[in-house]
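Enquirer: Below is the structure I would like to discuss, written out as structure tokens.
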Amino acid sequence: MSFQDLGIPASSSTVTVKVFDLIDNPSKVVASAAAFLTPVLPGHENLTCTVFAFLVENTTTGQRVMFDLGPRKDLENSVPYVAEAVKAGQMVMPVSKDIVEQLAEAGIEAESISTVIWSHSHVDHTGDMSKFPASTDLAVGKDTVMDTNDANPQSSVLASDVAGRKLVRLESETNSFLEIGGFKAHDFFGDGSFYTLEVPGHQAGHVCGLARVTPTNFLFLGADACHHAGVLRTTSKLHRHFPCPGELLAATRRSVSATHFPPSNLVGEFDLASRTTPLLDIAENGYFEDPSRARASIQKMGDFDANADVFVVLAHDESLGAIIGPCPVSLDQWKANGWKEKATWAFVDEKNPAFRFNALDGHN
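Numbering (the UniProt record's numbering), first residue to last: 1 to 364.
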């Protein structure tokens, strides 16, 4: 499978992408796993995770945009209901340096960012927009609700996020309808180097990014389409194009709970090779506004995940740290570095921090 099978138009224009992780220590994150995925096995009630933000730079024009910002480091100054959850210890995201500080350390001034793209408006993605100058636009999905919290107490948008700056709605192409991999697409720079995709389900207006880092290689910035690689994997196409290495395949027979993930014949050991559906599902009554549309989006994402020209990077994929190394790091050479092959099955490696497929109460 090549990128052309997904309907991605050909182009020689590219972007560079650098990923930042806002979380100091993923193991210190406090978030209820049951709000995002199922099943939750005993001992894995907490969802430890990364929170990635991406610097995208057009290699021709030099224009810079941010795709997501991660959380602000002072969440106690976020909207009231978030501040209350932080105070109660129900939400913990350890951030010592926010994205503006991390950018500065990398030699990138906030003033050089032309646009911040929010994949959606949850606080672990929106950062503190007041730290960007008014010259930085804010771009959101066309259906994203942008009422501020002072007018709508259920909103996670602060008045300071939008005050004095241009708000841009990311519309799919209307005069020449563009669809990539089943998702409506917007050519952000107008040259085929970076697309935003309408990926519904998690929140109204939720978008993902598709970055062309070489004329034929792409990054799928998956945002919160799902919150763990196990919700995306596995699929029959993935087995066919990126089979799990034999040693790891054998190890999963012992490491993965056959009680919670029974083989097709319902007896014996866990059998990853015969499984053609993801190990995990999204939470029905959690942080997904439309679970059925979210599942449909995840199924479409599986085509990107099984494509040799695309590397999928979810915002909260804790499995990637062991593959790509400490952030910030450029993702442009993912194919040359073999990161897709290394990352695809890392989530079922019991040595990887993202592994959550054994019952820690001993009842496997």
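Note that the Cβ used here is the ideal one computed from N, Cα and C, for glycine as well.
Quick caveat: nothing in here was measured; it's all calculated off a predicted structure.
Got a sec? Which residues, its chain only, sit under 6 Å from Lys18 by beta carbon, not counting five neighbours each side?
Expert: Numbered from 1 along the sequence shown, position 18 holds the residue referred to as residue 18. Same-chain partners within the cutoff: Leu55, Pro328, Ser330.
Enquirer: What does DSSP give as the partner residues of Asp207 in its beta bridges?
Expert: In the sequence shown, the residue the question calls residue 207 occupies position 207. The sequence as given places Val at residue 207; Asp does not occur at that position. Beta-bridge pairing links Val207 to Glu198.
Enquirer: Suppose the cutoff is 8 Å on Cβ atoms and the five residues either side in sequence are ignored; what does the same chain contact list for Gly268 look like?
Expert: Residue 268 sits at position 268 when you count from the first residue of the sequence shown. Closer than 8 Å at the Cβ level, and outside the excluded window around Gly268, lie Ala258.
Enquirer: Anyone know if the C-beta pair for Gly164 and Ala139 falls short of 9 Å?
Expert: Counting from one through the sequence shown, the residue named residue 164 turns up at place 164. Counting from one through the sequence shown, the residue named residue 139 turns up at place 139. No, they are not a contact pair.
Enquirer: Just reading off the beta strand (DSSP E) that His186 is part of, what are its end residues?
Expert: Walking along the sequence shown from the start, residue 186 turns up at place 186. Its beta strand (DSSP E) spans residues 183-187.
Enquirer: Helix, strand or coil for Arg295? Go by DSSP, reduced to three states.
Expert: Walking along the sequence shown from the start, residue 295 turns up at place 295. Residue state, collapsed to three classes: helix.
Enquirer: Would you mind sorting Leu47 into buried or exposed? The rule is 16 or more other CB atoms within 10 Å of its CB.
Expert: As a first step, residue 47 is located in the sequence shown; it is residue number 47 there, counting from the start. Result: buried.
Enquirer: Any idea what DSSP makes of Met66, helix, strand or coil?
Expert: Numbered from 1 along the sequence shown, position 66 holds the residue referred to as residue 66. The answer is strand: DSSP assigns Met66 an E or B state.
Enquirer: Over the uninterrupted beta strand (DSSP E) stretch that includes Thr16, give me the two end residues.
Expert: Along the sequence shown, one-based indexing puts residue 16 at 16. Here the beta strand (DSSP E) through Thr16 covers 15-21.
Enquirer: Any idea what DSSP makes of Thr48, helix, strand or coil?
Expert: For the purposes of this step, residue 48 is identified with residue 48 of the sequence shown, where counting begins at 1. Residue state, collapsed to three classes: coil.
Enquirer: I think residue 366 touches Thr344, with their Cβ atoms under 8 Å apart; what is that distance to the nearest whole Å?
Expert: This structure does not reach residue 366, given that the chain is present from 1 up to 364, and the question cannot be answered.
Enquirer: Drop a sphere of 10 angstroms on the beta-carbon of Gln333, count the other beta-carbons inside from all chains shown, and report buried for 16 or more, exposed for fewer.
Expert: Here residue 333 is taken as the residue at index 333 of the sequence shown, counted from 1. Classification of Gln333: exposed, given that the 10 Å Cβ count is below 16.
Enquirer: Nearest to Ala53 by CA position, among Ser119, Ala34, Ser292, Met146, is which residue?
Expert: Taking the sequence shown and counting its residues from 1, the one referred to as residue 53 is at position 53. Comparing Cα positions, the closest option is Ser119.
Enquirer: Relative to the C-alpha of Asp98, which candidate in Gly43, Ala31, Leu22, Ala88 has its C-alpha closest?
Expert: Taking the sequence shown and counting its residues from 1, one reaches residue 98 at position 98. Answer by Cα proximity: Leu22.
Enquirer: If we call anything under 9 Å between Cβ atoms a contact, is Lys335 one with Asp317?
Expert: The residue you call residue 335 lines up with position 335 of the sequence shown. The residue you call residue 317 lines up with position 317 of the sequence shown. Against a cut-off of 9 Å, the Cβ pair of Asp317 and Lys335 comes out as no contact.
Enquirer: Which whole runs of the beta strand (DSSP E) in the stretch 108-150 are 3 residues long or more, in chain order?
Expert: 113-117, 137-141
Enquirer: Quick check: the Cα distance between Leu41 and Tyr81, rounded to an integer number of angstroms?
Expert: Locating residue 41 in the sequence shown gives position 41, where the first residue counts as 1. Locating residue 81 in the sequence shown gives position 81, where the first residue counts as 1. One C-alpha to the other measures close to 28 Å.
Enquirer: Since Leu360 is in the beta strand (DSSP E), which residue starts that stretch and which ends it?
Expert: The residue you call residue 360 lines up with position 360 of the sequence shown. Taken as a continuous stretch (DSSP letters only), Leu360 belongs to no beta strand (DSSP E), as it is neither H nor E.
Enquirer: Is it buried or exposed, Glu198, if we count other Cβ atoms within 10 angstroms and call 16 or more buried?
Expert: Position 198 of the sequence shown, counting from 1, holds the residue named residue 198. Buried, because 16 or more other Cβ atoms sit within 10 Å of the Cβ of Glu198.
Enquirer: Sort out for me which residues DSSP pairs Phe311 with in a bridge.
Expert: Counting from one through the sequence shown, the residue named residue 311 turns up at place 311. Leu219, per the DSSP bridge assignment.
Enquirer: Determine the DSSP secondary structure at Leu167, reduced to helix, strand or coil.
Expert: In the sequence shown, counting from the first residue as 1, residue 167 sits at position 167. Note: Leu167 maps to strand in three-state DSSP.
Enquirer: Just to check my reading of the structure: Ser193 and Ser2 have Cβ atoms closer than 8 Å, yes? What is that Cβ distance to the nearest angstrom?
Expert: What you label residue 193 is simply residue 193 of the sequence shown in a count that begins at 1. What you label residue 2 is simply residue 2 of the sequence shown in a count that begins at 1. The Cβ separation is near 18 Å, so there is no contact.
Enquirer: Using DSSP with H/G/I as helix, E/B as strand and the rest coil, what is Asp281?
Expert: If you number the sequence shown from 1, residue 281 lands on position 281. Residue state, collapsed to three classes: strand.
Enquirer: According to DSSP, is Glu341 part of a helix, a strand, or is it coil?
Expert: The residue labelled residue 341 in the question sits at position 341 within the sequence shown. DSSP, read as helix, strand or coil, puts Glu341 in helix.
Enquirer: Suppose you measure from the CA of Leu238 to the CA of Thr60; what does that come to, to the nearest Å?
Expert: Taking the sequence shown and counting its residues from 1, one reaches residue 238 at position 238. Taking the sequence shown and counting its residues from 1, one reaches residue 60 at position 60. Their backbone Cα atoms lie some 34 Å apart in a straight line.
Enquirer: Measuring CB to CB, does Gly205 end up less than 9 Å from Ser121?
Expert: Mapped onto the sequence shown, residue 205 falls at position 205. Mapped onto the sequence shown, residue 121 falls at position 121. Yes, Cβ-Cβ distance for Gly205 and Ser121 is below 9 Å.
Enquirer: Quick check on the DSSP output: the alpha helix (DSSP H) that includes Pro80 runs from which residue to which?
Expert: Residue mapping note: residue 80 aligns to position 80 of the sequence shown, counting from 1. It spans 80-87 - the alpha helix (DSSP H) in which Pro80 sits, taken as one unbroken run.
Enquirer: Does the Cβ of Ala296 lie closer than 8 Å to at least one heavy atom of the ligand NAP?
Expert: Ligands in the displayed structure: none, and consequently the ligand NAP is not present.
Enquirer: With a threshold of 6 Å on Cβ separation, who are the neighbours of Ser160 within its own chain once the five nearest residues in sequence on each side are excluded?
Expert: Working through the sequence shown from its first residue, we reach residue 160 at position 160. Taken in chain order, the residues that qualify are Ser130.
Enquirer: Does the stretch 102-116 come close enough to the stretch 84-92 to have 3 or more Cβ pairs within less than 8 Å?
Expert: no
Enquirer: Considering only residues of the same chain and omitting the five flanking positions on each side of Cys226, which have a CB-CB separation below 6 Å?
Expert: Indexing the sequence shown from 1 puts residue 226 at position 226. If we look at Cys226 and ignore the five residues flanking it on each side, its Cβ neighbours are Leu232, Ile298.
Enquirer: So, at 8 Å on beta carbons, what are the nonlocal neighbours of Lys342 in its own chain, with the 5 sequence-adjacent residues on each side left out?
Expert: As a first step, residue 342 must be located in the sequence shown, where it is residue number 342. So the qualifying residues of the chain are Ile323.
Enquirer: What three-state label does DSSP hand Ala250 in the structure shown?
Expert: Sequence index remark: in the sequence shown, residue 250 carries index 250 (1-based). Helix, per DSSP.
Enquirer: Taking Leu6 as part of the alpha helix (DSSP H), name the residues at either end of that continuous run.
Expert: Working through the sequence shown from its first residue, we reach residue 6 at position 6. Element bounds for Leu6: n/a, residue is neither H nor E.
Enquirer: Using the beta-carbon count (16 or more within 10 Å), is Asn77 buried or exposed?
Expert: Residue 77 sits at position 77 when you count from the first residue of the sequence shown. Exposed, by the Cβ-count rule.
Enquirer: From the DSSP output, in three-state form, read off Ala159 for me.
Expert: By one-based count along the sequence shown, residue 159 stands at place 159. Helix at Ala159.
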